[in-house]
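First comes the structure, then the notes that go with it.
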Amino acid sequence: MEYVAFIFAIFGFFAYIELSKLKNRVNDLEAQLSKIKGTSHFESAQTIKKLVEQNLGRRVYLNLREGYEDQEIYMAVYQKREIVMVDADGGWILVNVGSPKGTLEKLIRVESIQSIDVVSDEK
Numbered sequence: 015m016e017y018v019a020f021i022f023a024i025f026g027f028f029a030y031i032e033l034s035k036l037k038n039r040v041n042d043l044e045a046q047l048s049k050i051k052g053t054s055h056f057e058s059a060q061t062i063k064k065l066v067e068q069n070l071g072r073r074v075y076l077n078l079r080e081g082y083e084d085q086e087i088y089m090a091v092y093q094k095r096e097i098v099m100v101d102a103d104g105g106w107i108l109v110n111v112g113s114p115k116g117t118l119e120k121l122i123r124v125e126s127i128q129s130i131d132v133v134s135d136e137k
């Protein structure tokens with residue numbers, strides 16, 4: 015009986031390795047599609063870039079794509095702390111993330127952003 019469990023564990027391990035390789039290939043293909051005009055990935059990337067340029071210096075909540083998660087950004091959004099987009103250059107964005115220890119500067123790739131929610135300053 016122990017051998018059967020061991021064999022299933024081995025097959026499970028190989029399946030996990032193949033799945034992670036497949037996920038990396040899909041991410042690479044999505045990155046390539048975001049550079050080709052006329053694709054939905056390209057349009058999405060252009061929309062995100064426009065949102066970034068329009069909202070520099072404003073408070074935002076960032077939702078990152080799967081595989082690009084960042085603990086500080088996730089906690090800042092979850093705890094409704096301040097995230098301010100400071101600068102954007104090419105495919106990168108500089109943000110200041112509020113944390114209990116102070117303000118952290120983070121450099122984020124534009125392709126890693128799934129959505130941007132602008133925080134209204136009205137109270």
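Quick note: the sequence shown, position 78, residue 92 per this note's numbering, numbers continuous. We treat Cβ as the ideally placed atom computed from N, Cα and C, and that holds for glycine.
- DSSP places residue 98 in no alpha helix (DSSP H) but in the uninterrupted beta strand (DSSP E) bounded by 97-103.
- Residue pairing from DSSP places residue 119 in a beta bridge opposite 110.
- A distance below 7 Å between beta-carbons, with the five flanking residues on each side excluded, links residue 45 to the following residues of its chain, in chain order: 125.
- Leaving aside the five residues that flank residue 36 on each side, none in its chain has a CB nearer than 7 Å to its CB.
- Secondary structure at residue 73: strand, using DSSP grouped into helix, strand and coil.
- Around the C-beta of residue 111, 16 or more other C-beta atoms lie within 10 Å, and the residue is accordingly described as buried.
- Residues 53, 55 of the same chain have their beta carbon placed closer than 6 Å to that of residue 47, with the five preceding and five following residues left out of the count.
- Cβ-Cβ separation between residue 70 and residue 99: approximately 5 Å, consistent with a contact (criterion under 8 Å).
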